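Chains as they are written, first to last, in our numbering: chain A, 250 to 665; chain B, 6 to 173.
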């Protein structure tokens, strides 16, 4: 089998290279310029390479190359016990790692059939929405930087630090959070964490309103973004767009509403949609989503139910340390969980959450062992980044940069 | 017509025959069934065009390797979503390891382009008719398809890491 594949490989590869060289040769005859954008260009905010064919300032064609930070998470996951896979998910969309962590936890809980208490679900909602705010905040402020407005970026960056302070109080880490456990949260919200969230809810709306005021009606910003990198709803769906990028084209698909998870059905919020699917619409949709996220956090914060912060699932959820030292059962469970000696039931599940960039899906097959048989991540960035070529063709180089930052392509999620 | 797993399955069996829509089961609320590679494109096109179903969104594609299933070692999973009716379904196609050839889906879904390249890269599926079937995340010079189960994550012959407690 290996030899067969190998010959097919090499033939195909050679054919592709010949074709590519021919195409480049053709383009050279037309006096086009080849421009290498990336892999480490400061304006790409990550490691992506695009070989552009330019006619003056206009992009005629682009060949994207990805995979520079591919870390084989799907392969690694096949050898790790379930609880050790959470840190891998952190490193996908590192701008909103709690969403990834909790999406993964919910997938495993679906496989195990664990019921999560309301309080844990509400805490998760608060943390996920905070993560969404920090994700959108980075995307929109970087869009400002790329169009020449640096001030707003530094101003809202401070608020991201406050969000990270909340993460730190809840789980101890700031960027790659590894937050929560299979079965709930690792600890309850401390009084300090509640205080920090309350402070954030008071302070942040003013900051965000000011940031919006700086860009939304800014003449330079509008000139740079309206009509740039537009995509129609039909093409966007065909390209598998989800999240804010799809909603900017006018399609109101949001996983939180269509397939509610973690008690999202309890909250009142709206799904903002755009119209033209251009960079400006994407900016507006993300702005409005930040307000909606604040609304959700407020509701969850006010109505935080009493009860336990984790499910009663001793086989999968680590017992409290005090009990490990004093009770035989707790010690056994602790040992088995940490060593990864607990077998998961057989099954096949798909669970998706609304990540910072769209539908973040986990497709998990368990054969009844200590590790997943197969774990596939549906990474929204990977799926919609392939439309980038189509979106920038015929535009100018400076517009390509803005399109890239408004798509919010995160290299970690792109390459997994 | 209300879209339930049974209704849709009945409709598909009526259209394509029982020998082509088989092994239907429901592992997690999403109906899953198996079809042949001869029918996969016609089936997905039918789901796309049908007025009642409108399954027009390709959520994801994933390769799976079952080295113990002789004659059908490789599996391609297509997960589709009807955004109109919020109905999801999962289609599986099995191929032998010596002959991992499938027709391309890029003519229906532009998004299948990179998904198929990923499946080729990691599992060695060959998609006939694909516009640009080259590796996507690994280097072009790589000579194997790393997600196949015969390639262990760690070198199994290493002797300096034996530790029975950790299952190595």
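Note that the Cβ used here is the ideal one computed from N, Cα and C, for glycine as well. The model shown is predicted, which means the values in this text are computed figures rather than measured ones.
Contacts of residue 32 of chain B in chain E (Cβ-Cβ under 8 Å): Absent here is chain E; the protein component of the structure consists of chains A and B.
Under the three-state DSSP convention, the category residue 296 of chain A falls into: coil
Neighbour-count burial assignment, residue 681 of chain A, 16 or more Cβ in a 10 Å radius: Given that chain A is displayed from residue 250 to residue 665, the structure contains no residue 681 of chain A and the question cannot be resolved.
8 Å Cβ cutoff met for residue 59 of chain B and residue 86 of chain B: no
Which of helix, strand or coil DSSP assigns to residue 382 of chain A: helix
Contacts around residue 437 of chain A, its chain only, beta-carbon distance under 6 Å, and the 5 residues preceding and following it disregarded: 558
Residue 564 of chain A at chain B interface by Cβ criterion, 8 Å: no
Contacting positions in the stretch 320-333 of chain A - beta carbon closer than 8 Å to chain B: 321, 323, 324, 325, 327, 328
Interfacial residues, the stretch 475-493 of chain A to chain B, with Cβ spacing under 7 Å: 486, 487, 488, 489
Cβ shell of residue 41 of chain B (< 8 Å), same chain only, five flanking positions each side left out: 25, 98
Residues of the stretch 37-68 of chain B whose Cβ lies closer than 8 Å to any Cβ of chain A, in chain order: 37, 61, 62, 63, 64, 65, 67
Candidates B:121, B:21, B:71, B:64: closest to residue 47 of chain B by CA position: B:21
Residue 433 of chain A - DSSP class collapsed to helix/strand/coil: strand
As assigned by DSSP and simplified to three states, the class of residue 420 of chain A: helix
Coil, strand or helix - residue 439 of chain A by DSSP: coil
Beta carbon proximity, residue 124 of chain B to chain A, threshold 8 Å: no
CB-CB length for residue 53 of chain B against residue 61 of chain B, believed under 8 Å: 5 Å
Any chain B beta carbon closer than 8 Å to residue 341 of chain A: Closer than 8 Å: no.
Environment of residue 590 of chain A [buried if 16+ CB atoms lie within 10 Å]: exposed
Min CB distance residue 610 of chain A to chain B below 8 Å: yes
Sufficient close CB pairs (3 or more, under 8 Å) joining the stretch 397-412 of chain A to the stretch 443-456 of chain A: yes
Boundaries (first-last residue) of the beta strand (DSSP E) holding residue 603 of chain A: 595-603
At least three beta-carbon pairs within less than 8 Å, the stretch 363-374 of chain A to the stretch 628-638 of chain A: With the cut-off at 8 Å, the stretch 363-374 of chain A and the stretch 628-638 of chain A do not touch.
Beta-bridge partners of residue 62 of chain B, as assigned by DSSP: B:86
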